[in-house]
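Enquirer: For reference, each letter of the sequence shown is one residue, going 1 to 231 in UniProt numbering. Backbone N, C-alpha and C fix where the C-beta goes; we use that ideal spot for every residue, glycine too. Since the model is a prediction, treat every value here as computed from it, not as a measurement.
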Amino acid sequence: MQESFNIGLLIFPDITPLDFVGPYEVFSRMKNSKVYVIAETKEPISSERGLFILPDTGLDENINLDLVLVPGGLGVNRLMENEKILNWLREKSKTSKYISSVCTGALVLASAGLLNGYKATTHWLSLDVLKLFPKIDVKEDRVVIDRNRITGGGVTAGIDFALQVVAEIQGQKAAEEIQLMIEYNPEPPFLSGHPKNANPDLVLETRSSRKKAQDLRKDIATRSIERFSKE
Numbered sequence: 001m002q003e004s005f006n007i008g009l010l011i012f013p014d015i016t017p018l019d020f021v022g023p024y025e026v027f028s029r030m031k032n033s034k035v036y037v038i039a040e041t042k043e044p045i046s047s048e049r050g051l052f053i054l055p056d057t058g059l060d061e062n063i064n065l066d067l068v069l070v071p072g073g074l075g076v077n078r079l080m081e082n083e084k085i086l087n088w089l090r091e092k093s094k095t096s097k098y099i100s101s102v103c104t105g106a107l108v109l110a111s112a113g114l115l116n117g118y119k120a121t122t123h124w125l126s127l128d129v130l131k132l133f134p135k136i137d138v139k140e141d142r143v144v145i146d147r148n149r150i151t152g153g154g155v156t157a158g159i160d161f162a163l164q165v166v167a168e169i170q171g172q173k174a175a176e177e178i179q180l181m182i183e184y185n186p187e188p189p190f191l192s193g194h195p196k197n198a199n200p201d202l203v204l205e206t207r208s209s210r211k212k213a214q215d216l217r218k219d220i221a222t223r224s225i226e227r228f229s230k231e
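#1: Considering only the alpha carbon of each residue, which of E177, E48, L9 lies closest to S101?
#2: Applying the 10 Å Cβ sphere with the 16-neighbour rule, what's the burial state of P23?
#3: Where do the ends of the beta strand (DSSP E) carrying G152 lie?
#4: Suppose only complete runs of 3+ residues qualify. What are the beta strand (DSSP E) ranges in the UniProt domain "DJ-1/PfpI" (9 to 167), listed by chain order?
#5: For T151, tell me which candidate among V68, L51, E176, S192 has the shortest Cα-Cα distance.
#6: Less than 8 Å separating the beta-carbons of I7 and K42?
#7: Thinking C-alpha only, which one of A120, N148, R49, E25 is nearest T16?
#8: What number of angstroms, rounded off, separates the C-alpha of L180 from the C-alpha of G158?
#9: Tell me the rounded alpha-carbon separation between R210 and D14.
#10: My guess is that V155 and L54 are in contact by the Cβ rule of under 8 Å, so how many angstroms apart are they, rounded?
#11: Could you tell me whether the segment 117 to 131 touches the segment 91 to 98, using the rule of 3 or more Cβ pairs below 8 Å?
#12: At the level of alpha carbons, what is the spacing between E205 and T104?
#13: Using the C-alpha atoms, what's the distance from F20 back to L51?
#14: Which same chain residues end up closer than 8 Å to F190 when comparing Cβ atoms and leaving out the 5 residues on each side of it in sequence?
#15: By DSSP, does I182 sit in helix, in strand, or in coil?
#16: I'd like to confirm the pairing. Which residues does DSSP put opposite F5 in its beta bridges?
#17: Determine whether the beta carbon atoms of N64 and K97 lie at a separation below 8 Å.
#18: At which residues does the alpha helix (DSSP H) containing P200 begin and terminate?
#19: Tell me the rounded alpha-carbon separation between A137 and V166.
Right, dumping it as structure tokens:
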């Protein structure tokens, strides 16, 4: 009997729900797979919009994972300086077949040093934060696969990301079957889902309204880079 492909989805307070739920929906339909929802404790986790998610696995449980996924959200600011989480990711990177992220989860991987020497992407608003890390080749693609590092863009890109992961592991037909079953056939009502399509004034307004938050994130990234330089 084929061994289960073990997938660990790391969750944390102030996570963006769809960063987690999109990949979970895809991976839970993947044949011969087991999905673990992992957090520092097994207490309910409040997402950034108030939805509670219940982890089933604690961070200290010793489970062999084939793929580790770090989603994004407001809570990544704390994760970028959470040494327990960063060390856990470093340890898992030694044994897992794939280390991955969706949205701003890439900033956590970057803070752990796990994207050094790799191509990677993140949410469009945080691309300039990821570019602060000098050893990462930042791309503006929706999904970036570089050897055993797989990173996805913002929020909804998590579904595209997960389908590509399935195709990478089990072939395109397996991914297409899942895509069909979840009826992932997007026809957005507006072409405003990315700066390359959206009204430039809207993009500027969005950037301006979130400048303070992005500046804070840049400060955190700078501290992470400084820690690397001292090691």
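Expert: Inspection of the coordinates gives the following:
#1: L9
#2: buried
#3: Its beta strand (DSSP E) spans residues 149 to 152.
#4: 33 to 39, 67 to 70, 98 to 102, 143 to 146, 149 to 152
#5: V68
#6: no
#7: R49
#8: Roughly 16 Å separates the two Cα atoms.
#9: 17 Å
#10: Approximately 21 Å separates the beta-carbon atoms of V155 and L54; this is outside 8 Å, ruling out the contact.
#11: no
#12: 20 Å
#13: 12 Å
#14: none
#15: coil
#16: S33
#17: no
#18: 200 to 209
#19: A small fix is needed here, since residue 137 is Asp in this sequence, not Ala. Cα to Cα, D137 sits roughly 24 Å from V166.
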